[in-house]
Amino acid sequence: MEATPGRERLIEQFKADGLNVMFGNPGTVEQGFLDAVDAAEEFTYVLALQETVAAGIADGYARATGGAALLQLHSGVGLGNGIGMLYQSLRGHTPLVVVAGDAGVRYDAMDAQMACDLVAMAKPVTKYATRVTDPRSVLRTVRRAVKIALTPPRGPVFVALPMDVLDELNSEPVLPATRVLTDVAPSPASVGRAAELLAAAERPIVLVGDGVALSGAQNELAAVAELLGADVYEVDSSEVNIAASHPLRRGQTGHMFGPHSRELVGDADGVLIVGTYVFPEVFPELESPFRAGAKVVHIDLNAYEIAKNHPVDLGLAADPQQALRALAGVLDQRLGPQQRAAAAARLDVRTRERVREVREARAATDDGTPMAVFLRTLAEHTGGDLIVFDEALTTSPLVTRYLPAERPGDYHLTRGGSLGVGFPGAVGAKLARPERLVVGFAGDGGSMYTYQALWTAARHGIDAKFVVCNNRKYRLLDDNIAQYWRERDIPEHGFPGSFDLSHPEIDFAGLARSLGAGGMRVEKPDEAVAAVGRMLSHPGPFLVDIQI
């Protein structure tokens, strides 16, 4: 094979792996590579104004496509900027292929400006981090990284690419990276044991996470839950793992306080955990939240997560879809008449509750606030046919009330615990799904972490829509410190001033316009109705700032 500069061959490798779009922010040590990118055919560079924004857009793009996304960061300073968002991707299992340049291997001994250990920086927030030092192994290393990123548990990977290595001639073959098949089914004996442990439960529950969505196991999950008559709670969950309208879906366990999860699961005598670890709260319970004697079965492709925090009776390292399909088959054969009747009765109770809830919701009027009116009007105009990227946080219950998460791919929730993914995530999702309406929701505080994403949307003609849920504060911190006070018997008092964002007031609509997007502010309910029309008819990115 004819040798070409490594920087050019690297692009061909990316294209061979279907990575035809690269998100990034340029820097001097990548200039040769980016010059080659500019000349490459059928390869697109999406420019962000800061690395956190580029990482967030890449994360949203990967989540919307279901595949990997390519992210370019600038040396140590750029990697440092992006680390917070890479933590989001690590916790959310987003397969990002992250590359960063450095000045060159020849300069390692000089300890010059911007010199740092890129691999050491990246390791805590990636599955795999390495640096290429031999021009004969550039493509080999990238293929390894792509394979690792896409193999469950999926996640971001990092490859440092010194300029002098990419300048060298390269004759490596361009081949697609190997995809490792992980549709592993558990043995019949282990499935039988799982069915035995769960079938006898009188108060069964199912705890699920995004491993269900990754394996496409939503139907199999629903079948098992219905056979058991088990309530389904979402734990480490940010995708659609079970339709919001399913009568057995009971919502999220929560990500902050362990006692809340313990209250939800403490009465169960049979627990099935699928595609998640338990529990992801910031302040978790140190003791097992499950009742003494409860039988616990844990299914996940990531063996590390099984029994990571609390003991289980049976752990199965298997693909959730394969395992749930097999479990449903065995349960259908083994459940006795009394067990079936009890499960059917539990399902009937939840079904009648859901019917009543739907009837009451249809009969009820919204509370007349601008946000409720906006969401109701948006739901009416779209029929719910849109993709929601949800970082509304304290406003999320209202968002999902009017725009429930029903179909896989239609809803993405923020994850990882830090702010800033909502707006860039919506940009990435719209770029991945240009035929769909995509609306990103974020709080006023969270949106300001990555507001520059609107500029990227305007520059590249990405017709995403954005909503600021503007309560002029970090409202989630108000709620959390109130819980902190209650737990420690601290009298309530004024919230810390650092939680307040009311002064100086931010002109979100004006700021959107300055970045090339449309924008308007909503203070009254009738303005909310008009805002939906303007947002949907505007050609290009558009932001609505709704006062709460």
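Numbering of the sequence shown is given in this note's numbering, commencing with residue 774 and proceeding in unit increments. Every residue gets a Cβ at the ideal spot worked out from N, C-alpha and C, and that includes glycine.
Nearest-angstrom beta carbon gap, residue j and residue i [assumed within contact, 8 Å]
| i | j | result |
| --- | --- | --- |
| tyrosine 1175 | arginine 1149 | 6 Å |
| glycine 805 | aspartate 940 | 6 Å |
| arginine 904 | leucine 891 | 6 Å |
| leucine 1186 | glycine 1219 | Actually they are not in contact, since the Cβ atoms of leucine 1186 and glycine 1219 sit about 13 Å apart, beyond 8 Å. |
| proline 925 | asparagine 1075 | 6 Å |
| threonine 825 | glycine 857 | 6 Å |
| proline 875 | alanine 933 | In the sequence on display, residue 875 carries aspartate and not proline. So it is a contact: roughly 6 Å between Cβ atoms. |
C-alpha gap between residue i and residue j, whole angstroms
| i | j | result |
| --- | --- | --- |
| phenylalanine 1056 | asparagine 1253 | 11 Å |
| glycine 1024 | alanine 813 | 47 Å |
| glutamate 1012 | leucine 987 | 9 Å |
| leucine 820 | leucine 1227 | 11 Å |
| histidine 866 | proline 1053 | 14 Å |
| valine 1302 | aspartate 1318 | 13 Å |
| glutamate 1060 | proline 1032 | 11 Å |
| cysteine 1242 | serine 1169 | 10 Å |
| tyrosine 1006 | glycine 1216 | 25 Å |
| glycine 779 | arginine 879 | 16 Å |
| serine 910 | aspartate 1073 | 34 Å |
| lysine 1238 | glutamine 1111 | 52 Å |
| arginine 1180 | leucine 1159 | 10 Å |
| leucine 912 | glutamate 945 | 7 Å |
| serine 1034 | alanine 1017 | 19 Å |
| aspartate 1042 | proline 935 | 56 Å |
| phenylalanine 1214 | alanine 1145 | 13 Å |
| threonine 846 | asparagine 798 | The residue asked about is misnamed: residue 846 is leucine in this sequence, not threonine. Approximately 6 Å, taken between the alpha carbons. |
| arginine 1188 | methionine 1029 | 12 Å |
| methionine 883 | valine 871 | 25 Å |
| alanine 998 | aspartate 1163 | 26 Å |
| lysine 1352 | proline 1207 | No answer is possible for residue 1352: the residues shown for the chain start at 774 and end at 1321. |
| valine 1161 | valine 915 | 32 Å |
| alanine 1096 | alanine 958 | 6 Å |
| valine 1211 | alanine 1065 | 46 Å |
| valine 1360 | methionine 1293 | Residue 1360 cannot be examined here, being either before or after the span of the chain that is shown, 774 to 1321. |
| threonine 899 | aspartate 1183 | 27 Å |
| glycine 791 | proline 1020 | 39 Å |
| glutamine 1256 | glutamate 1130 | 29 Å |
| serine 1275 | glycine 855 | 28 Å |
| aspartate 1140 | alanine 1285 | 28 Å |
Closest residue to residue i among the options (Cα-Cα distance)
| i | options | result |
| --- | --- | --- |
| phenylalanine 787 | Gly800, Thr817, Ala776, Val802 | Thr817 |
| serine 862 | Ala876, Ala828, Gln886 | Ala828 |
| serine 1271 | Ala888, Asp1009, Arg1248 | Arg1248 |
| glycine 1291 | Arg1261, Arg1127, Val1240, His1028 | Val1240 |
| proline 1062 | Glu1036, Ile921, Asn1075 | Glu1036 |
| asparagine 1244 | Arg1232, Val1212, Ile1263, Glu1278 | Glu1278 |
| phenylalanine 1196 | Asp1236, Arg1180, Gly1157, Ala1178 | Asp1236 |
| threonine 1142 | Leu1171, Thr801, Val947 | Leu1171 |
| methionine 1221 | Tyr880, Ala1255, Ala1145, Ala1282 | Ala1282 |
| phenylalanine 796 | Gly833, Glu781, Asn1082 | Gly833 |
| alanine 841 | Asp884, Gly800, Ala873, Val794 | Val794 |
| tyrosine 901 | Pro929, Lys1238, Leu980 | Pro929 |
| leucine 822 | Leu1309, Gly1189, Ala1231 | Ala1231 |
| lysine 1068 | Ser1018, Asn992, Ala974 | Ala974 |
| isoleucine 1015 | Gly1043, His1028, Val1047 | Val1047 |
| leucine 1288 | Pro1264, His1083, Ala1205, Tyr1224 | Tyr1224 |
| arginine 1107 | Ala1080, Ala996, Glu1133, Gly965 | Gly965 |
| alanine 1114 | Lys1203, Tyr1050, Gly1002, Glu1164 | Gly1002 |
| valine 1194 | Ala831, Thr777, Lys1297 | Ala831 |
| leucine 1155 | Pro1177, Lys1297, Gly1039 | In the sequence under discussion, the amino acid at residue 1155 is threonine, which differs from the leucine named in the question. The residue with the shortest Cα to Cα distance from threonine 1155 is Pro1177. |
| tyrosine 1050 | Arg1259, Ile1079, Asp1040 | Ile1079 |
| serine 1191 | Ala893, Arg864, Leu807, Arg782 | Arg864 |
Opposing strand residues paired with residue i [DSSP bridges]
| i | result |
| --- | --- |
| leucine 980 | Tyr1006, Ile1046 |
| leucine 820 | Gly797 |
| arginine 904 | Ala933 |
| aspartate 1183 | Looking at the DSSP assignment, aspartate 1183 forms no beta bridge with any residue, so it has no partner. |
| phenylalanine 787 | Paired residues: none, contrary to the question. |
| glycine 874 | Leu934 |
| asparagine 943 | Thr777 |
| alanine 1215 | Glu1164, Val1241 |
| phenylalanine 1030 | Phe1056 |
| alanine 842 | Leu869 |
| lysine 1203 | Answer by DSSP bridge pairing: none, since lysine 1203 is not bridged. |
| glutamine 1025 | Glu1007 |
| lysine 1246 | Asp1273 |
Check: residue i C-beta below 7 Å from any heavy atom of the ligand FMN
| i | result |
| --- | --- |
| glycine 1039 | Of the ligands one can find in the structure shown there are none, so the ligand FMN has no counterpart to examine. |
Exercise. Could you pull out every unbroken beta strand (DSSP E) segment of at least 3 residues lying fully inside the region 1053 to 1127, listed in chain order?
Key: 1068 to 1073, 1087 to 1090
Practice problem: Quick one: which unbroken beta strand (DSSP E) runs of 3-plus residues sit fully inside the region 1266 to 1320? Chain order, please. | Solution: 1291 to 1295, 1315 to 1320
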